[in-house]
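*Asks:* Protein chains in written order, with the numbering used here: chain R, 1270 to 1435; chain S, 113 to 905; chain G, 158 to 441. Glycine included, every Cβ here is placed at the ideal spot set by N, Cα and C. Nothing here was measured: the structure is a model prediction, and the numbers come from that model.
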Amino acid sequence: MTGRPAAVRHDITLRVNGAPHTISVEPRRLLSDALRHDCGLTGTHVGCEHGVCGACTVLVDGSPARSCLMLAVASEDVEITTVEGLAGADDSLSPVQQAFSDCHGLQCGFCTPGFLTTITAGLRDNPDPTREEAQEMIAGNLCRCTGYQNIVAAVLRAAELRDGRP
Amino acid sequence: MTTRLFGQRVPRVEDQRFLRGRGRYVDDVLVGPGTLHAAVLRSPHAHARILDIDVSEVLDLDGVHAVWTYDDLDGVMADPLPLLIPHPALTHGRTQFALARDEVNHVGEAIAFVVAEDRYVAEDAVDRIRVGYELLPPVVGIEAARAATHLVHDDVPGNVGARMEQHNGDAPAAIAAAPHTLSLDLTIERSSCQPMEGRGVVSRWDPDTSRLTVWTSTQTSTGVRGCVAARLGLDLAQVDVITPDVGGGFGVKINHPWPEELLVPMAARALGRPVKFTEDRREHFISSAHERGQVHHVEVGFDDDGRVLGLDVTFWHDHGAYTPYGLIVPIITATQLLGPYKPGAYRVRFESLFTNTVMVTPYRGAGRPQGCFVMERTIDAIAAELGLDRAAVRATNFIQPDEFPYDHGLVFQDGRELEYDSGDYPASLDKLKALIGWDDFPALKAQAAAEGRRIGIGLACYVEGTGVGPYEGAHVHVETSGKVKVAIGLTTQGQGHATVFAQIVADELGVPLEDVEVVSGDTRKMPYAVGTFASRAAVMSGSAVQLAARAVREKALRIAAEALEADVADLEIVDGLVQVRGTDAALALGTVAVLSNPLRYAFDEASKAATQFAVGDPGRPPVAEDDEPGLEARDFYSPQRATFASGMHAVIVETDPDTAEIRIVRYAVVHDCGRIINPMIVEGQIHGGVAQGVGGALYERMAYDDSGQLLNASFMDFLMPYVTEVPDTIEIDHLETPSPLNRLGIKGAGEAGVIPVSAAIAAAIEDAEGLVITAMPISPSELHALRQSKETP
Amino acid sequence: MKPAPFAYHRPGTVAEAVRLLAADPDAKVLAGGQSLVPLLSMRLATPSALVDLGGIPGLDAVRVDADGVRVGALARHARVLADDDAAACQPLLRLALGHVAHPTIRNRGTTVGSVVHADPAAEMPVVLRLLGGSVDVEGPAGRRTIGAADLFVGPLETSLHHDEVATSAFFPALPSGGGVAFEEIARRHGDYAMAGVAVVVRREGEQVVDVRAGFVSISDTPVVVDLTDAVARGADPGDAALASLEPTADVHATADYRAHLVRVLTRRVVGAALDDAASRSLTR
C-alpha cells in the first residue's frame, strides 16, 4: 500500500429510490457506505461487510443485492431501492412493512431493512408462497433477535395484505 | 374505564420508525463530512511483548489527523481499565489498558488508535504502523490454563484468577452415604453474543459549553458516563451519554468502558471535531467478548427414586485474558445450576482461569446454560442409571409449590441470598409433557425405528434469577398538550421497552397509548440508572415506571379535584380526561398540567389559565411547601432480592443414520415469567432465545488454534442459524406465578429462551443415538466421531 | 474492513479490458464481485486497479444449442439458473446452481466468475470439470479455449494469464442415455459444502458405459473420479471414489467425517444419476 498513488475520486450519480444523488467517491467505496454516509440514507445497515448477514440488502433493478458487495463506482447504471423507498408516497407502510408490525417480525430492527427489501422482491416474484417458500425467501438473511418465527409469519401475512385479504 | 393494556398484545410503537428505515443507531449519528473516523491497530498475536511501535509513516498519509499509542495517554487514561465488579475471591483480577502498554494478551487487543477523514483512510494508516513483538508462548484453552506450563500474566500463579467455593450441607458425606453414585465430566465450548450491530461510539466536544456528548451502543449509559468523566478528568455534569437505537446486545454491550468508549471522546476533545468508531465484524469477534467456555466435573449421590442426596460440582471457567466483569458468570453457573431442584446437600467449587483469548463477559443466559447443562445431564444420567423415566426423576427432585420462598442457603450474583420467590414446577412439567406428547413418544420412536429413522426426545428445566438490583428509576412528565413523556435510565436493544412501559403508564394515567413516549438510556433525562442485563428491565424499570406514573396520577387527581371542586375519590381518568364519575365535569390532563405550574408569563392560549391573575389562592404560596411545579414525578424501584423466573423445554430431534446430520423436529417451551405485560413481546423473546440456544447447541463455537488465532472470525465460519437452522415452529405455553416481590407481579423474560436448549438437545440426541453426550455444541462431524468410537471403542 | 485503495477502469470492450490488464500486472478483473469484494474488504486482495467488465455489452448472454450451454462472462447465476433451455440441455447446471450460496448472492454473482475464481469449495468449477467443459479467454495474443482439465491449477488459481479475460464458459450438453445428480452437505443451508458430489452417467441400452463423479470441498482443485469400472463390477462407488481422494480437516469437519460423507454421498448420487438416466430414456 505504501507507494500507491493517491486514488482518484470519481464523481458519480447514484439513482436511489427514484432520486439522483451525485457524490464524489474513491473507487474502493462500498455501495453500502456510499448510501449511508454520502447519500445520508442510513436505513441500510451494515452487519458483517462480507456478504453473509444480509442486513445491507438493497434492490438493484428490483432484485435483492448485498450493497456491501458492490462498489459505488460500479453502480451508476442501476436503479437502487433502499428501505427508505418502500413506504407509500403518503408514508403509509407497504404490505411487507405492515406485516412486520402486525406479526412482531422485528426486535432490535437492525437486520430488518435487509429482510424488508428481500421480501418485497420475493413476493413480487412469488405472490402466494407456501410456508416453506417463505422460509426459502428469507434464508440468506441473519437475524439474531427473533428466531425468525415471526418473520416467516410476516412473509405470509404480507402476501395476504398484498392480495387485499383481511 | 379504558381497556387495561397490561397483558395485551399491543403492537410495538418503535416499529414505525424501524420499518421506514428511520431507526437511529450509533453509526447513523453525525453522518456526513464533518465527522472523523477511527480505526484501531490490534494485536495479530495471542501473547507477545511489545518492543517498539513506529508510527512515523502514519501522519504522512493524506487525511490522517492523529494517532495514539499507550505512551500518548495522559493521567488516568494510562491506568488499567476498571475492574467493574470486584469480589473477595477474585484475588488476581486483571484488566487491559485502553491501549496495550507493553504486552498483548490476545489476538485483537488494541495497540494504537488512528483518527482520519474516513474509515478507509484510517485503516490505511493502521496498516502503516510497524510494531516489534517478542512472541511469548500462548495459553489457549482450559487444559493449557490448568497445566500452567506457561502463564498468561507473569504475576498470576497457575493462571488462576479466582477460586471460590459455596456449599449447603455436607455434600461429600451425603454422596458417600448414598445408595447410588455417579461421576460425570461435562463441557460447554466458547461462543459469543454477535448482535447484528457491533459496538460503536460517536463523540462531540462542544467548546462553547465545555460539554462532551457521547453516543454509544451500550447496555449502560450511566456506567459509560461515569467512566468517561473519570478518565477524561471531566465533571460528571460535563458529560452526556446517549444510547440511541441499539442493534442487539445480548450481554456483550454491558461491559464498559471499551477502550474506544474512552479513546473516541478523548480524540473528539483533542481534535475539536466529532469522532466516530464503528466496530466491524472481524473486530467484534476478536476484540469484544466471548462466553460459555467451561469444563465441569460432577459427583452425585442419589436414592432408588433418583432423589439427589448430595451434589458436588467442580468446574473450570475460562475467562480469557482479562476480568473486567469479575466473577459474575461462574457465580451464576455455581448458583443457578440448581434449577428447580433441591439436592440434599450441595457443594460447588470453581477456578476462574486466564487464557490468551478474548475476555469473557456475560452472554444472554450468563453461565446458566452451562449450569443447566450440568444439572440436566446429571438428572438424565441418574434416570438412565436407575432405568427411570427422565421426567419422573425431575419431578422427584422439584421444589414444591408450598415451599416458597425457598432459600438455597447460597449467595447469588447480586450478593444477596439465593431465595426463590415463587414458582410451580410440577405444573410446568405437566404442561410441557402435554405440549410435546412426552408419554406418547415411545410409540412414535418405535414407529420411526421401524422405518429406519432415528428420533429422540429430551427435556430440560431451568430457573433464572431475574430483576436483580440495585435499582432503576423513571421520570414521568405530563406536558400541557396532554402528551406524556417517560424517561427510563436503562437502555433498550430490541425488547420493546418503548411499548411495554407505555402500556404501564397508559394504564396508570388513563391516557391513550399513542400519547405516551418512552425515552431510554439518555443520561440527560435520567442520570441515575444501572443498565439492561440479567432480564431485569421489565421488573426494575417497569416497577419504577409504575411508581412514577402513580405519583403523577395522584398529583393530577389532587389538582383536578381542587379545580373541579370535587372529591379525589370521585375522580377517574379516562382517555386523558379527568372526570367526576357520573357527571359531565371534566378536565383534560393537559389542562391539569397547565394548572400544576403557576405562571407569571403565558406562552400560549391554554397557559393563560395558570397565570397569576387567573389561578391560585392569594392567601397561600403558589407552590406549597411540600410540592413542586409541574405535573411530573420521578421514582425509583429497589428490590431486596431477585425474582426467579422458570421454564422447561422439550425437543424432538432426528439424526441421519448415514450423514449424522441433526434436525430438530419439534420444539416446545413452557415459560413462567410471572405476570406478562405483553405476551407478543415475551414470545418474541423466547423465539429469539431458543434460536440462539440452537446456535449454541448445534452450530456456534469459537475455533481457536493452539497459537491463539481465532480460525472462524467471520459469519462465513461462525455459524449463526439462518431460518433454515431453527425449528419450524416453537410451541409455547405460559404459566403465570406472580412474583410477590413487586406490585406488578412480574419476573424477567429476556434470557430464558436460551438457557436449557443445549441441555434439551443433548438429551434428545442421546435418546436418538443411544450415545452419551457430554459436550456441547455438537456437529455432525462430532456425532459421527462418537458413533465411530462406539463401534470401535 | 474497508478495501485498500485501487484505481477503477470500466472498459467498453474486451480488447480494452485486456489492454488495461496487460498494462498493470497488479490489476484484477471485476465481474459480479461476490467473491472478490469480500477479499478486498478484508484486504486479503489488494490489487492496484480493478477492470470492471460491467460496461462491456454482450457478455451477459446464455446461448444454448445441441452441443451445450455457453455462458457469457457477465451472466449471473440467477439468470443461468432460470434458463429452462439451459436446464434441458444440461440439467446438472440447474441442480448445482441451486446450491450456490443464497439467491441474493446468485443475483449478482456470475457463473464464469465462480469458475475462474477456482474455489475448491465452489460448485461450478467442479461442474465444468466433470462435464469436460471449457473456458474461452481473450488476451493480448488473441483468443484461446482452455479445457477444464487444464484450467484449474490450485486453490483460487487457474491457468489464465494475468492479462486474459474469460469471456465465456461452455458446458457440454447431456448426451443421449445420460443422467446427472448432485448433492452436497453443508453445515447451514447455503454455506459452502463440507462435501459435495456431482455425478454424470451414460447408459447404452441396459449397459452403463460411463460413470464419473466430481467432488466439492474435497481437494485443492476440482477432481473427477471415473467410477465406470467400479460400478460395472458391482463395487461400492463410495469406496472406489475414496481410493483416489484425500479429504482434509477444517473447523467444520474432520478428515474422517469428510471421507465418510464422500462415501455416503457418492453412493447416493451415483444411484440418483443412474435413476435419472433411466427415467430420461423412458421419457425420450
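(1) My output table needs one value for residue 225 of chain S: the three-state DSSP class, helix, strand or coil.
(2) Output needed for residue 212 of chain G: all residues of its chain with C-beta closer than 8 Å, excluding positions within five of it in sequence on either side, in chain order.
(3) What in chain S is Cβ-close to residue 1408 of chain R, meaning under 9 Å?
(4) Return yes when the Cβ of residue 787 of chain S is within less than 7 Å of the Cβ of residue 850 of chain S, no when it is not.
(5) Can you check whether the C-beta of residue 1337 of chain R is within less than 7 Å of a C-beta belonging to chain S?
(6) Take residue 206 of chain G and list the residues in its own chain whose beta-carbon comes closer than 8 Å to its own, dropping the five residues that flank it on each side.
(7) Distance check for residue 271 of chain S and residue 785 of chain S, CA to CA, integer angstroms please.
(8) Quick check on the burial criterion: 16 or more other C-beta atoms within 10 angstroms. Buried or exposed for residue 327 of chain G?
(9) Use the C-beta contact count for residue 545 of chain S: other C-beta atoms within 10 angstroms, 16 or more gives buried, fewer gives exposed.
(10) Rounded to whole angstroms, what is the Cα-Cα separation between residue 1274 of chain R and residue 308 of chain G?
(11) Just to confirm before moving on: does the CB-CB distance between residue 821 of chain S and residue 219 of chain S stay below 7 Å?
(12) Interface residues of chain G around residue 1314 of chain R at Cβ under 8 Å?
(13) Report yes if the CB atom of residue 842 of chain S is closer than 7 Å to the CB atom of residue 777 of chain S, and no otherwise.
(14) Would you call residue 388 of chain S buried or exposed, if buried means 16 or more other Cβ atoms sit within 10 Å of its Cβ?
(15) Would the segment 653-665 of chain S and the segment 745-755 of chain S be scored as touching if the rule is three or more Cβ pairs under 8 Å?
(16) Under 8 Å, CB to CB, which of the residues in the segment 748-780 of chain S have a partner in chain G?
(17) Among R/1429, R/1425, R/1430, R/1285, which residue has its Cα nearest to the Cα of residue 1351 of chain R?
(18) Tell me where the beta strand (DSSP E) around residue 484 of chain S begins and ends.
(19) Does any CB atom of chain R fall closer than 7 Å to the CB of residue 168 of chain G?
(20) Please state whether DSSP places residue 877 of chain S in a helix, a strand or coil.
(21) Measure the C-alpha to C-alpha separation of residue 225 of chain G and residue 1397 of chain R and round it to an integer number of angstroms.
(22) Less than 7 Å separating the beta-carbons of residue 421 of chain S and residue 456 of chain S?
(23) Who are residue 597 of chain S's beta bridge partners in DSSP?
(24) On a Cα-Cα basis, can you pick out the residue from S/772, S/779, S/595 that is closest to residue 706 of chain S?
(25) Can you tell which of S/515, S/158, S/503 has the C-alpha that lies nearest to the C-alpha of residue 553 of chain S?
(26) Between S/128, S/174, S/192, which lies nearest to residue 1381 of chain R when the distance is taken from Cα to Cα?
(27) Cβ closer than 8 Å: which chain G residues qualify as neighbours of residue 1320 of chain R?
(28) By alpha-carbon positions, which one of S/418, S/430, S/556 ends up nearest to residue 441 of chain S?
(29) Under a three-way DSSP split, which group does residue 324 of chain G fall into?
(30) Would you decide whether residue 590 of chain S is buried or exposed? Buried here means 16 or more other CB atoms lie within 10 Å of its CB.
(31) Tell me, please, which residues DSSP counts as bridged to residue 185 of chain G.
(32) Excluding sequence positions up to five away, which residues of its chain have a Cβ less than 6 Å from the Cβ of residue 790 of chain S?
(33) Return the first residue and the last residue of the beta strand (DSSP E) that residue 150 of chain S is part of.
(34) Of the residues that make up the segment 1413-1434 of chain R, which ones have a beta carbon closer than 9 Å to any beta carbon in chain S?
(35) Hey, quick one: how far does the alpha helix (DSSP H) through residue 1377 of chain R stretch, first residue to last?
(36) Just mark residue 146 of chain S as buried or exposed, buried being the case when its beta carbon has 16 or more other beta carbons within 10 Å.
*Replies:* On the basis of the coordinates in this document:
(1) In this structure, residue 225 of chain S counts as strand in the three-state DSSP scheme.
(2) Hits under 8 Å: 167, 168, 169.
(3) In chain order: 834, 835, 836.
(4) Going by C-beta atoms, residue 850 of chain S is nearer than 7 Å to residue 787 of chain S.
(5) Not an interface residue.
(6) Once the five neighbours on either side are set aside, the close Cβ partners of residue 206 of chain G are 163, 164, 165, 166, 177, 181, 183, 184, 185.
(7) Those two C-alpha atoms are separated by around 39 Å.
(8) Looking at its Cβ environment, which holds 16 or more other Cβ atoms inside 10 Å, residue 327 of chain G is buried.
(9) If you draw a 10 Å sphere on the C-beta of residue 545 of chain S, you find 16 or more other C-beta atoms in it, and that means buried.
(10) Note that residue 1274 of chain R scores a pLDDT of 48, beneath 50, so its modelled location is shaky; the value from the coordinates is reported in the next line. Each residue's CA atom was taken as its position, placing residue 1274 of chain R and residue 308 of chain G some 34 Å apart.
(11) Against a cut-off of 7 Å, the Cβ pair of residue 219 of chain S and residue 821 of chain S comes out as a contact.
(12) Result: empty, since nearest Cβ-Cβ is about 15 Å, beyond 8 Å.
(13) The answer is no: Cβ separation not under 7 Å.
(14) Residue 388 of chain S is buried by the Cβ-count criterion.
(15) Contact holds: three or more Cβ-Cβ distances are below 8 Å.
(16) Contacts with chain G (Cβ-Cβ distance below 8 Å) from the segment 748-780 of chain S involve 770, 771, 772, 773, listed in chain order.
(17) Closest in C-alpha terms to residue 1351 of chain R, from the list R/1429, R/1425, R/1430, R/1285, comes R/1285.
(18) Run containing residue 484 of chain S: none in the beta strand (DSSP E); it sits in the alpha helix (DSSP H), 480-498.
(19) Chain R, which has no Cβ nearer than 7 Å to the Cβ of residue 168 of chain G, makes this no.
(20) Residue 877 of chain S falls in the helix class under three-state DSSP.
(21) Taking the straight line joining both Cα atoms gives about 35 Å.
(22) Yes, the pair counts as a contact, with Cβ atoms nearer than the cut-off.
(23) Answer is S/589, S/629, bridged to residue 597 of chain S.
(24) Selected option, being the one with the closest Cα: S/595.
(25) Of the residues S/515, S/158, S/503, the one whose Cα lies closest to the Cα of residue 553 of chain S is S/503.
(26) Taking only the C-alpha atoms, the option nearest residue 1381 of chain R is S/128.
(27) Correct list: 191, 194, 195, 262.
(28) The option with the nearest alpha carbon to residue 441 of chain S is S/430.
(29) DSSP, reduced to helix, strand and coil, places residue 324 of chain G within a strand of the structure shown.
(30) Flag for residue 590 of chain S reads buried.
(31) Bridge partners of residue 185 of chain G: G/207.
(32) These residues qualify, in order along the chain: 122, 612.
(33) It spans 148-154 - the beta strand (DSSP E) in which residue 150 of chain S sits, taken as one unbroken run.
(34) Contact residues of the segment 1413-1434 of chain R toward chain S are 1413, 1414, 1415, 1416, 1417, 1418, 1419, 1420, 1421 (C-beta to C-beta distance below 9 Å).
(35) That residue, residue 1377 of chain R, is in no alpha helix (DSSP H); it is neither H nor E in DSSP.
(36) Residue 146 of chain S comes out exposed.
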